[in-house]
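Residue numbers (the numbering used here), protein chains in the order written: chain A, 1 to 161; chain B, 1001 to 1118. What follows is a single structure, written as structure tokens, with notes after it.
Next up, the structure:
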């Protein structure tokens, strides 16, 4: 018998204060899904960075805008979607923070950390809605922490007209 | 919980005890202001004690890099003390662990700075 996915969906005012609210939800959902403490922290950090991107870069720190989050627990994975009301971004345009020349850059590590901590990361611009990122963490993933999470193999960036 | 900072002076070394969250917004702004003040005062030997830092994000890491660069540009040195496992792992992942001089013993860290009149 197929396991029915569990879903938590919330819309938050686009403020930095609500980044911590999203973290708390991520921590509780990932614990409920069965992730150990280390993976819970990785998921929490990935959601933190996604919320920062949504609030700061996507919604330009405009509190009249909102961020929509959806956590869906499947039997073998957790899928998280974070959508802002911004005009999208191309993750390929972000310089590799591990390059020698970029090591002392002050910014540009957020997407890298998300990719490192999660098993899949996708970005999609949905016309009329905003930019949606999808993060996936496999429940049975017990490998070592991935290094150099700038691999593009799981990445997509598309526009929907 | 926001970030808190306490500044101590040991010989020529300014020890900054940080606690809480170093994240985009208040935490990063506080650290930036603190480092700017110390550099302005001519304090060029800075030791950041991160033992009680509970959370640091990509912006917080960027702020550590910014502090390192600001002190280095004034001919000084900025070192890190007592990394938690989470901060240690983040610096490893971002390849910054080899950029920073990291210590886990305060006395040894303080003595690793050049002497005041050297």
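Beta carbons: idealized from backbone N, C-alpha and C, even for Gly.
- With a minimum length of 4 residues, the unbroken runs of alpha helix (DSSP H) contained wholly in the segment 1048-1098 of chain B fall at 1058-1073, 1085-1093.
- Residue 120 of chain A has A:136 as its beta-bridge partners, per DSSP.
- Distance from the CA atom of residue 91 of chain A to the CA atom of residue 1031 of chain B, rounded to whole angstroms, is 28 Å.
- For residue 44 of chain A, same chain residues with a beta-carbon under 8 Å away, outside a window of 5 residues either side, are 23, 26, 27, 30 in chain order.
- Collapsing the DSSP output to three states places residue 127 of chain A in coil.
- Bounds of the beta strand (DSSP E) holding residue 13 of chain A are 6-13.
- Three or more beta-carbon pairs separated by less than 8 Å link the segment 1054-1064 of chain B to the segment 1016-1023 of chain B, which places the two stretches in contact.
- CA-to-CA, the gap between residue 132 of chain A and residue 1086 of chain B works out to about 28 Å.
- In the three-state reduction of the DSSP assignment, residue 1105 of chain B falls in the coil class.
- Setting aside the 5 residues that flank it on each side, residue 32 of chain A is surrounded in the same chain by 6, 73, each with a C-beta closer than 8 Å to its C-beta; the list follows chain order.
- The beta carbons of residue 103 of chain A and residue 121 of chain A sit no closer together than 8 Å.
- Residue range 37-52 is occupied by the alpha helix (DSSP H) that includes residue 42 of chain A.
- Taking 8 Å as the cut-off, the beta carbon of residue 1046 of chain B is found no closer than this to the beta carbon of residue 1096 of chain B.
- Short of 7 Å from the beta carbon of residue 1082 of chain B, and not among the five residues preceding or following it, lie these beta carbons of its own chain, in chain order: 1049, 1050, 1051, 1104.
- Around the CB of residue 127 of chain A, fewer than 16 other CB atoms lie within 10 Å, so the residue is classed as exposed.
- Look at the segment 66-127 of chain A and you find these whole runs of alpha helix (DSSP H), each 4 residues long or longer: 110-117.
- Residue 1080 of chain B places its beta carbon 8 Å or farther from that of residue 1071 of chain B.
- Shown here, residue 1027 of chain B sits in a helix according to DSSP, grouped into three states.
- Less than 8 Å divides the Cβ of residue 80 of chain A from the Cβ of residue 69 of chain A.
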